[in-house]
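Residue numbers (the working numbering): 661 to 913. Heads up, the beta-carbon is just placed ideally off N, CA and C, and yes, glycines get one too. Since this is a predicted model, take the numbers as computed values, not measurements. Some notes on the structure that comes next.
Right, dumping it as structure tokens:
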């Protein structure tokens with residue numbers, strides 16, 4: 661936890677202890693000791709009035725104790741939540757590493773960049789189309805896992821060059837750009853089928869895209885034509901019109 665997060669947790673805990681826990685405990689004690697069947701809310705109201713007055717030293721120290729209790733409880737809750745989050749991230753990272761080590765297959769594909777052409781040393785729409793084709797191919801078959809910033813051998817190539825081509829460099833900028841590409845080349849309705857995460861491997865960022873299968877055909881729009889791709893084996897292949905029709909018929913059987 662950061663210092664700012666700890667201070668925030670302590671402040672929230674102190675306020676909760678003094679203005680929530682203490683009045684509730686005090687009101688229940690007064691309610692039980694009275695032996696009457698009056699409305700409990702009346703005792704709760706009296707407890708809040710008592711807190712605001714701080715009539716004696718006892719009430720002050722009681723407030724301090726409840727404040728400390730609330731602060732300790734809040735810090736513990738924040739710490740537990742952070743530990744669970746860290747554990748989840750470690751498990752996800754291990755799964756990612758396992759997929760990369762197993763190499764490309766019918767469910768996993770590696771692409772070294774999103775839009776940077778290393779041979780031309782500049783952004784290239786052809787590279788972006790490769791990403792769009794791969795994603796469309798997964799959507800039109802069984803779904804899959806796309807890793808951007810990983811070379812054919814499963815080594816992290818990183819996203820540094822891609823970051824430099826963006827108006828908003830960094831992970832969030834790349835995430836937004838991917839969604840923009842999907843909306844332009846595929847269809848805006850495809851975006852909910854993508855889950856984009858980033859991981860640092862070997863000191864380099866990689867982008868992991870979990871692609872869910874689509875319930876309807878997804879086309880790659882290039883110019884005035886719409887192209888239909890499927891993922892077969894460890895690669896993406898375009899189907900001609902007759903092949904696409906046969907494929908749809910098999911899917912409906």
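For residue j and residue i, the rounded distance between their alpha carbons
i	j	result
residue 735	residue 778	48 Å
residue 865	residue 721	52 Å
residue 781	residue 838	20 Å
residue 867	residue 904	30 Å
residue 907	residue 863	42 Å
residue 859	residue 900	37 Å
residue 705	residue 663	36 Å
residue 688	residue 702	11 Å
residue 655	residue 810	Any property of residue 655 remains undetermined from this structure, which presents the chain solely from 661 to 913.
residue 981	residue 681	A question about residue 981 goes unanswered here, because the residues of the chain that appear run from 661 up to 913.
residue 885	residue 812	30 Å
residue 757	residue 896	23 Å
residue 808	residue 856	11 Å
residue 771	residue 683	60 Å
residue 872	residue 799	6 Å
residue 710	residue 850	59 Å
residue 668	residue 741	15 Å
residue 840	residue 848	9 Å
residue 861	residue 816	7 Å
residue 676	residue 870	41 Å
residue 672	residue 666	10 Å
residue 955	residue 694	Not covered by the structure: residue 955. The range shown for the chain is 661 to 913.
residue 889	residue 739	47 Å
residue 902	residue 883	21 Å
residue 784	residue 670	51 Å
residue 691	residue 832	54 Å
Residue i: first and last residue of the uninterrupted beta strand (DSSP E) it sits in
i	result
residue 771	768 to 771
residue 859	854 to 861
residue 899	895 to 899
residue 879	879 to 882
residue 864	864 to 871
Residue i vs residue j beta-carbon contact at 8 Å
i	j	result
residue 876	residue 887	no
residue 768	residue 727	no
residue 806	residue 788	no
residue 846	residue 792	yes
residue 834	residue 854	no
residue 707	residue 686	yes
residue 766	residue 881	no
residue 830	residue 823	yes
residue 649	residue 786	Because the chain spans 661 through 913 in this model, residue 649 falls outside it and cannot be assessed.
residue 730	residue 674	yes
residue 732	residue 678	no
residue 828	residue 776	no
Residue span of the alpha helix (DSSP H) that contains residue i, given as start and end
i	result
residue 888	Counting along the chain, residue 888 falls outside any alpha helix (DSSP H), though it belongs to the beta strand (DSSP E) covering 885 to 892.
residue 678	Premise fails: residue 678 is in no alpha helix (DSSP H) and is neither H nor E.
residue 786	785 to 799
beta-carbon residue i near the ligand COA non-hydrogen atom, thresh 7 Å
i	result
residue 838	This structure does not include the ligand COA; it has no bound ligands of any sort.
Contained alpha helix (DSSP H) runs [length at least 4] in the region 804 to 838, N- to C-terminal order = Here the runs fully enclosed are 820 to 824.
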